[in-house]
Amino acid sequence: MILLGSSSPSTPAIIAPRPRRLRHRTTTPSLPHSRSPHRHLVLASSSPAPTPRPLARAHRPGAVATAAEMVFSVTKKETKPYEGQKPGTSGLRKKVTVFQQPHYLANFVQSTFNALPADQVKGATIVVSGDGRYFSKDAVQIIAKMAAANGVRRVWVGQDSLLSTPAVSAIIRERISADGAKATGAFILTASHNPGGPTEDFGIKYNMGNGGPAPESVTDKIFSNTKTITEYLIAEDLPNVDISVIGVTSFTGPEGPFDVDVFDSATDYIKLMKTIFDFESIKKLLASPKFSFCFDGLHGVAGAYAKRMFVDELGASESSLLNCVPKEDFGGGHPDPNLTYAKELVDRMGLGKTSNVEPPEFGAAADGDADRNMVLGKR
Numbered sequence: 015m016i017l018l019g020s021s022s023p024s025t026p027a028i029i030a031p032r033p034r035r036l037r038h039r040t041t042t043p044s045l046p047h048s049r050s051p052h053r054h055l056v057l058a059s060s061s062p063a064p065t066p067r068p069l070a071r072a073h074r075p076g077a078v079a080t081a082a083e084m085v086f087s088v089t090k091k092e093t094k095p096y097e098g099q100k101p102g103t104s105g106l107r108k109k110v111t112v113f114q115q116p117h118y119l120a121n122f123v124q125s126t127f128n129a130l131p132a133d134q135v136k137g138a139t140i141v142v143s144g145d146g147r148y149f150s151k152d153a154v155q156i157i158a159k160m161a162a163a164n165g166v167r168r169v170w171v172g173q174d175s176l177l178s179t180p181a182v183s184a185i186i187r188e189r190i191s192a193d194g195a196k197a198t199g200a201f202i203l204t205a206s207h208n209p210g211g212p213t214e215d216f217g218i219k220y221n222m223g224n225g226g227p228a229p230e231s232v233t234d235k236i237f238s239n240t241k242t243i244t245e246y247l248i249a250e251d252l253p254n255v256d257i258s259v260i261g262v263t264s265f266t267g268p269e270g271p272f273d274v275d276v277f278d279s280a281t282d283y284i285k286l287m288k289t290i291f292d293f294e295s296i297k298k299l300l301a302s303p304k305f306s307f308c309f310d311g312l313h314g315v316a317g318a319y320a321k322r323m324f325v326d327e328l329g330a331s332e333s334s335l336l337n338c339v340p341k342e343d344f345g346g347g348h349p350d351p352n353l354t355y356a357k358e359l360v361d362r363m364g365l366g367k368t369s370n371v372e373p374p375e376f377g378a379a380a381d382g383d384a385d386r387n388m389v390l391g392k393r
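Numbering (the working numbering), first residue to last: 15 to 393.
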C-alpha cells in the first residue's frame, strides 16, 4: 500500500484498486474474492469533474456486463450529523426535500452499516428496493455506491427499484444466488401510505436477515451513530446502473468484485405465494360466472405484481384491475386504502352515492408498499 500525504486535512482519501482489465464472465456469479493486495491510497484530485458516463447496463437479461473501465475506488467523505434521524419500526420518514440535503441519506445509510455486525456487511448480499416513490431511483444508486465502498459483495435490486415490503421479506428469506449466498438484510425505500412526489414524503428502513424489521437494539444503535458520524464511505466513480434492465452488472474495487443484480420483481414473490395459497382453486373461482372481483393498486408497488398474479397466473380479466401502473407520485393520489382515498374502488363496488352499475362480488386495494389492504364486498 502506498500512502500519499496531504497538507489539507479536509481532502478526502480515496482507496483505489490497481486498474486491470476485467474478463467476460458467464451469467453465474463467481465466488467472493479475497481482499486484493494490489491497492494503494491516493488523494482526490482538484481537477474538474469528468463528463458523466452513461448508465452501466447488463448486456442482455440475465447477462453480466463487464468492461475495462468498471473499476471503482473508495472515497471517505467528511460529513456532520443531522438532527432527528431516529428510525422507528417504520424506519425514517421525512419530506423528499429533507432527504435531498447534502449527505442526509448517506449519513443514515453509513450509520446503518456501522450498526450491523461486520459479517452482515463485508462480503454480504443486501436488497435495495421499495415502493417506487419519487427519489427512490436516486436513492438506489447512492446506496449501491455506498454498499460497494463498505465491502458488500452484491446488491439485489428489483427491476425499476420496485419490491413490495412483503416481497422484500420473501426475497431475503427465500432467494439464493448462484454461489449459494442469501441476503443478510435490506434497505426498503418506502413511506407506506404517505403521498409521494417532489414535495411529498420519502422513507427508508432496514430489515434484517430474518426478513423482519430491525429490532430496537439495532435502530437505537443506528440513531446513536447518526448523532456522531463524521465520515462515510462511497464509490463516487461507480457508474449508475440501469435498473430498468434485468441482469448483473459487475465491478471491481479494493476488496474484490461487486455486483448489482437487477431481477424481476414478481417471479420470486409469486413462487412463494404458490406455496401458501391454492392457485388452482382461486383460478376456478375467478373463472366462475357467479364471481367477479376488482383490485385497485392505487398506483403503488402492488401494480408490479397485479397483472402477473391476477391475469397471467389466475386468469382474471385486465378490466378487473384499477390503477395498477406504479407511479412516483401515485398518480397524484394518496396510496392509503380506505373509503376516502380508494374512491374509484368504492364507486366500482357500488358503495358510492351515484353508483348504478352491478358491482363485483369482491374488491380490494393495497397501500403504497402493498403491506396493508382494504377488502370490500359489494353494496
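Note that beta-carbon positions come from the ideal geometry of N, C-alpha and C, so glycine has one too.
The model shown is predicted, which means the values in this text are computed figures rather than measured ones.
- Beta-carbon separation of GLN155 and PHE122 under 8 Å? Cβ distance not < 8 Å, so GLN155 and PHE122 don't count as in contact.
- Item | Inter-residue spacing [alpha-carbon to alpha-carbon] between GLY137 and LEU247 | Approximately 16 Å, taken between the alpha carbons.
- Item | With 16 other Cβ atoms within 10 Å as the buried cut-off, status of PHE86 | It is buried - the Cβ of PHE86 has at least 16 other Cβ atoms within 10 Å.
- Run the CB neighbour count on LYS367, radius 10 Å, all protein chains shown included, and call it buried at 16 or more, exposed below. Answer is exposed; the Cβ neighbour count stays below 16.
- In terms of residue numbering, what span does the alpha helix (DSSP H) encompassing GLY317 cover? For GLY317, the uninterrupted alpha helix (DSSP H) run begins and ends at 317–320, by DSSP.
- Query: Which of helix, strand or coil does DSSP assign to PRO46?
  - Reply: Any reading at PRO46 must be qualified, since the residue scores a pLDDT of 35, below 50, and its modelled position is unreliable; no value is offered.
- Task: Pull up the distance between the alpha-carbon of SER61 and that of GLN173, whole angstroms please.
- Result: With a pLDDT of only 37 at SER61, under the threshold of 50, the placement of this residue in the model should not be trusted; the figure read from the coordinates follows. Roughly 36 Å separates the two Cα atoms.
- Task: Return the residue from the list THR213, GLY217, GLU188 and SER258 that minimises the CA-CA distance to ASN7.
- Result: The first residue shown for the chain is 15 and the last is 393, placing residue 7 beyond what the model contains.
- For the region 326–342 against the region 298–311, are there 3 or more C-beta pairs whose distance is under 8 Å? The region 326–342 is in contact with the region 298–311.
- Item | Counterpart residues of GLY246 in DSSP-defined beta bridges | Per the sequence presented here, residue 246 reads as Tyr, with Gly not at that position. LYS91, per the DSSP bridge assignment.
- Buried or exposed: ARG37, going by 16 or more other Cβ atoms within 10 Å of its Cβ? Any reading at ARG37 must be qualified, since the residue scores a pLDDT of 34, below 50, and its modelled position is unreliable; the value itself is stated next. Burial call: exposed.
- Message: Distance check for GLU358 and SER104, CA to CA, integer angstroms please.
- Response: The C-alpha of GLU358 is placed about 28 Å away from the C-alpha of SER104.
- With ARG346 and ASP145 assumed to form a contact (beta carbons below 8 Å), what rounded beta-carbon distance in angstroms separates them? In the sequence as presented, Arg is not what sits at residue 346; that position holds Gly. Actually they are not in contact, since the Cβ atoms of GLY346 and ASP145 sit about 16 Å apart, beyond 8 Å.
- C-alpha gap between ILE202 and VAL171, whole angstroms: For ILE202 and VAL171, the distance between alpha carbons rounds to 10 Å.
- Query: Count the other CB atoms within 10 Å of the CB of LEU353; is the residue buried (16 or more) or exposed (fewer)?
  - Reply: LEU353 is exposed by the Cβ-count criterion.
- Message: Within 10 Å of its beta-carbon, does PRO303 have 16 or more other beta-carbons around it, so buried, or fewer, so exposed?
- Response: Exposed.
- Query: PRO43: buried (16+ other C-beta within 10 angstroms of its C-beta) or exposed?
  - Reply: In this prediction, PRO43 scores a pLDDT of 36, lower than 50, which makes its location untrustworthy; the coordinate-derived value is nonetheless stated afterwards. It is buried - the Cβ of PRO43 has at least 16 other Cβ atoms within 10 Å.
- Item | Euclidean distance between Cα positions of ASP282 and THR204 | Their Cα atoms are separated by approximately 20 Å.
- Local Cβ density within 10 Å of ASP383, reported as buried at 16 or more and exposed below that: So ASP383 ends up on the buried side.
- Item | CB-CB length for VAL169 against VAL142, believed under 8 Å | Confirmed, Cβ separation roughly 5 Å.
- Does DSSP put ALA205 in a helix, in a strand, or in coil? Looking at ALA205 - three-state DSSP - the assignment turns out to be coil, as it is neither helix nor strand.
- Sequence-distant residues of its chain with Cβ nearer than 7 Å to LYS392 (five each side left out): Within the same chain, LYS392 has close Cβ partners MET363, GLY364, PRO373, PRO374 and GLU375.
- Spatial neighbours of ASP278 within its chain, please: CB distance less than 7 Å, with the 5 preceding and 5 following residues excluded, ordered by chain position. Setting aside the 5 residues that flank it on each side, ASP278 is surrounded in the same chain by GLN173 and ILE260, each with a C-beta closer than 7 Å to its C-beta; the list follows chain order.
- Message: Do VAL182 and ASN208 count as a contact pair if the criterion is CB distance below 8 Å?
- Response: 8 Å or more divides the Cβ of ASN208 from the Cβ of VAL182.
- Message: By the three-class DSSP mapping on this structure, what secondary structure does PRO271 have?
- Response: Strand, per DSSP.
- Skipping 5 residues on each side, what residues in its chain have a beta carbon closer than 7 Å to that of GLU327? Counting only Cβ-Cβ distances below 7 Å, and skipping sequence neighbours, we find ILE284 and PHE293.
- Query: For ALA318, which residues of its own chain have a beta-carbon under 7 Å away from its beta-carbon, when the five flanking residues on both sides are left out?
  - Reply: The answer, listed in chain order, is LEU176, SER279, ALA280 and PRO340.
- heavy atom of the ligand MN below 7 Å from ASN352 C-beta: Of ligands this structure carries none, so the ligand MN is not represented either.
- Query: Which residues in the same chain as LYS241 place their Cβ atom closer than 6 Å to its Cβ, once the five residues preceding and following it in sequence are excluded?
  - Reply: Excluding positions up to five away in sequence, the list reads PRO95.
- Message: Taking 8 Å as the threshold (C-beta atoms), are ILE243 and THR93 in contact?
- Response: Yes, they are a contact pair.
- Task: Leaving out five residues on either side along the sequence, give the residues of the same chain with a beta carbon under 8 Å from the beta carbon of ASN387.
- Result: Within its own chain, the residues whose Cβ lies closer than 8 Å to the Cβ of ASN387, once the five positions on either side in sequence are excluded, are PRO351, ALA378, ALA379, ALA380 and ASP381, listed in chain order.
- Are there 16 or more other CB atoms within 10 angstroms of the CB of LYS91, so buried, or fewer, so exposed? Its Cβ being crowded by 16 or more others within 10 Å, LYS91 is buried.
- Relative to the C-alpha of THR111, which residue among LEU299, TYR148 and GLU97 is closest? The residue with the shortest Cα to Cα distance from THR111 is TYR148.
- Could you check what DSSP says for ILE186 in three-state terms: helix, strand or coil? ILE186 carries a helical assignment under DSSP once its states are collapsed to helix, strand and coil.
- Query: In three-state terms, what does DSSP make of ILE236?
  - Reply: In the three-state reduction of the DSSP assignment, ILE236 falls in the helix class, which pools H, G and I.
- Item | Residues bridged to TYR220 [DSSP beta-bridge criterion] | For TYR220, which the question treats as bridged, DSSP gives the partners PHE201.
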